[in-house]
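So the structure is just underneath, and the comments pick up after that.
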Amino acid sequence: MSRTVEARLAALGITLPTPAAPIANYVPYVRVGRLLVISGQLCFGPDGKLTATGQLGAAVSIADGQQAARACAVNLLAQAKAALGDLDAVVRVVRLGGFINSAPGFAEGPKVMNGASDLMVEVFGDRGRHARTTVGVSALPANAAVEVEGLFEVAD
Amino acid sequence: MSRTVEARLAALGITLPTPAAPIANYVPYVRVGRLLVISGQLCFGPDGKLTATGQLGAAVSIADGQQAARACAVNLLAQAKAALGDLDAVVRVVRLGGFINSAPGFAEGPKVMNGASDLMVEVFGDRGRHARTTVGVSALPANAAVEVEGLFEVAD
Amino acid sequence: MSRTVEARLAALGITLPTPAAPIANYVPYVRVGRLLVISGQLCFGPDGKLTATGQLGAAVSIADGQQAARACAVNLLAQAKAALGDLDAVVRVVRLGGFINSAPGFAEGPKVMNGASDLMVEVFGDRGRHARTTVGVSALPANAAVEVEGLFEVAD
Chain A
327 MSRTVEARLA
337 ALGITLPTPA
347 APIANYVPYV
357 RVGRLLVISG
367 QLCFGPDGKL
377 TATGQLGAAV
387 SIADGQQAAR
397 ACAVNLLAQA
407 KAALGDLDAV
417 VRVVRLGGFI
427 NSAPGFAEGP
437 KVMNGASDLM
447 VEVFGDRGRH
457 ARTTVGVSAL
467 PANAAVEVEG
477 LFEVAD
Chain B
327 MSRTVEARLA
337 ALGITLPTPA
347 APIANYVPYV
357 RVGRLLVISG
367 QLCFGPDGKL
377 TATGQLGAAV
387 SIADGQQAAR
397 ACAVNLLAQA
407 KAALGDLDAV
417 VRVVRLGGFI
427 NSAPGFAEGP
437 KVMNGASDLM
447 VEVFGDRGRH
457 ARTTVGVSAL
467 PANAAVEVEG
477 LFEVAD
Chain C
327 MSRTVEARLA
337 ALGITLPTPA
347 APIANYVPYV
357 RVGRLLVISG
367 QLCFGPDGKL
377 TATGQLGAAV
387 SIADGQQAAR
397 ACAVNLLAQA
407 KAALGDLDAV
417 VRVVRLGGFI
427 NSAPGFAEGP
437 KVMNGASDLM
447 VEVFGDRGRH
457 ARTTVGVSAL
467 PANAAVEVEG
477 LFEVAD
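Protein chains in written order, with this note's numbering: chain A, 327 to 482; chain B, 327 to 482; chain C, 327 to 482.
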């Protein structure tokens with residue numbers, strides 16, 4: 327029963343990375359009551375490099391954008407595990423905020439963001455179904471293709 | 327006393343649309359404690375079509391942007407009603423996040439976003455006065471002119 | 327013991343401005359339970375003028391962007407003081423959302439946003455360490471260079 331979420335991660339072949347140490351005067355997450363607020367995560371892959379840089383609707387394909395969004399979601403899970411010790415302490419994925427580095431007029435942000443949303447449902451099942459806001463932005467840190475922030479409900 | 331909010335909507339000539347079914351692995355809203363988190367809503371009108379597409383500061387006028395923001399707000403109310411059954415269960419509109427599809431340098435986002443804010447106050451009175459963040463983005467889903475997300479306080 | 331936060335502000339030579347009255351149907355902050363949600367603040371300086379306008383990666387230097395982010399943070403503190411009466415009632419800075427007016431491809435948003443984050447830690451110490459999301463946007467109200475919104479945990 328316990329560790330079911332991490333068993334699902336293993337079945338998906340996903341190893342959570344060690345979360346990067348903060349490089350400025352902010353932290354990866356803050357817990358307040360039953361809410362866990364996680365900082366925007368960039369699309370760093372297991373090798374510590376961004377999986378995609380540049381803009382959707384220009385140099386980055388939708389498929390690469392989806393992989394980037396999935397990488398952001400993996401990094402959110404790594405932060406949640408660091409915060410909680412055990413991902414089974416997640417009661418609900420409440421909200422994801424998706425920021426897609428986008429050329430003007432790029433209309434397919436939701437398709438890109440599904441890379442993050444699908445992972446949450448694969449991993450958490452119905453508890454992974456979240457509210458979501460997806461927007462296209464002109465620039466992201468380190469020229470990452472995607473950034474995703476998260477809000478989780480956690481056990482008291 | 328009851329249904330006062332919906333009486334006001336009727337007086338404004340607003341019929342809430344049936345909220346669209348989710349088309350991906352996310353949901354229109356999540357409730358956590360006294361908070362109702364509603365996904366970003368696009369400016370779909372009563373006919374199911376976006377009321378405006380493209381960028382403010384380019385093809386879309388401020389007046390059309392205001393109408394688009396109002397349409398987003400109507401859609402937030404439709405989701406809140408679906409979540410709560412009765413809009414009188416809304417204790418407070420806590421926050422709106424407004425994303426205006428904007429050409430670089432477009433400075434009038436707040437004027438556009440007033441289309442959403444004004445509706446909340448028309449409908450809820452003082453309970454409708456909310457915190458707000460308005461930014462201009464390079465792209466939005468389906469090339470919508472405006473997207474608005476919402477955070478509501480609801481009765482226990 | 328009391329007023330320690332405001333003593334630190336004074337030591338930093340910062341006088342909190344009188345928060346601007348709302349100019350539309352929204353308010354500068356809403357409190358819900360232990361959360362204080364503060365509207366996006368622009369980089370208005372003590373003289374009531376924006377400290378920088380235009381885009382990072384174009385007309386605005388990183389140093390000027392950092393000053394702008396710091397000005398936004400000062401304005402968040404002014405709103406928190408108006409809300410709470412005393413900044414010592416802040417239990418934790420939970421989250422800052424930083425929106426950097428950015429030319430496409432501008433990659434140094436986090437460096438700019440440190441202007442806001444550093445101030446929070448200077449003023450609140452460890453209670454000032456927050457979760458953070460930084461993105462680059464195509465436009466901001468009044469063509470401000472930076473906008474920052476805040477979420478604070480406050481005493482019951």
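We put the CB at the ideal spot given by N, CA and C, even for glycine.
For C/R421, the closest C-alpha among the options C/A465, C/M446, C/A333 is that of C/M446.
At a cut-off of 8 Å between beta carbons, B/L338 makes no contact with chain A. Here B/R458 carries a strand assignment [DSSP, helix/strand/coil].
Going by beta carbons, C/V416 and C/V331 fall inside the 8 Å limit. In summary, no residue of the region 395-414 of chain A has a CB separated from any CB of chain B by less than 7 Å. Chain-ordered listing is empty here: chain B has no CB closer than 8 Å to the CB of A/G366, the nearest sitting near 14 Å. By the neighbour-count definition (other C-beta atoms within 10 Å, threshold 16), C/L338 is an exposed residue.
C/S464 reaches chain A at S464, counting residues in chain order whose Cβ is nearer than 7 Å. Using a 10 angstroms sphere on the CB of A/R458, the tally of other CB atoms reaches 16 or more, which defines it as buried. Across the set B/G431, B/R334, B/A350, B/P467, the C-alpha of B/P467 shows the shortest separation from the C-alpha of A/L382. In this structure, the straight-line span from the alpha carbon of B/A481 to that of A/D373 is close to 46 Å. Interface annotation, C/V420: in contact with chain A, CB-CB separation under 8 Å. D444, M446, V447, G454, R455, H456, A457, R458, T459: these are the residues of the region 444-459 of chain C whose beta carbon lies less than 8 Å from some beta carbon of chain A, given in chain order. For a Cβ distance threshold of 7 Å, residue set V461 of chain C lies close to A/F425, ordered along the chain.
Between A/R418 and A/R396, the C-beta gap is not smaller than 8 Å, which leaves the two residues out of contact.
Taking the CA atoms as reference points, B/A442 sits about 43 Å from A/T341.
Interface annotation, A/N440: in contact with chain B, CB-CB separation under 8 Å.
Secondary structure of B/E479 (DSSP, three-state): strand. Less than 8 Å divides the Cβ of A/C398 from the Cβ of A/V474. Per DSSP, the unbroken beta strand (DSSP E) holding A/F425 starts and ends at 416-427. Beta-bridge pairing by DSSP links C/I364 to C/Y355, C/G476. By a beta-carbon distance limit of 8 Å, C/A408 contacts C/P345. Their separation comes to about 5 Å. By the criterion of a C-beta distance shorter than 7 Å, B/G371 is surrounded in its chain by T377, A397, once the five residues flanking it on both sides are discounted. For a cut-off of 8 Å, the C-beta gap from B/N440 to C/A350 is around 5 Å, short enough to register as a contact. Within chain A, no C-beta atom comes less than 8 Å from the C-beta of C/A389; the nearest is roughly 16 Å away. The continuous alpha helix (DSSP H) containing C/T330 extends over residues 330-337. C/D412 counts as exposed, since fewer than 16 other C-beta atoms from the protein chains shown sit within 10 angstroms of its C-beta. Counting other Cβ atoms within 10 Å of its Cβ, C/A347 stays below 16 and is therefore classed as exposed.
Contact note: B/A468 reaches chain A through A433, using a C-beta cutoff of 7 Å and chain order.
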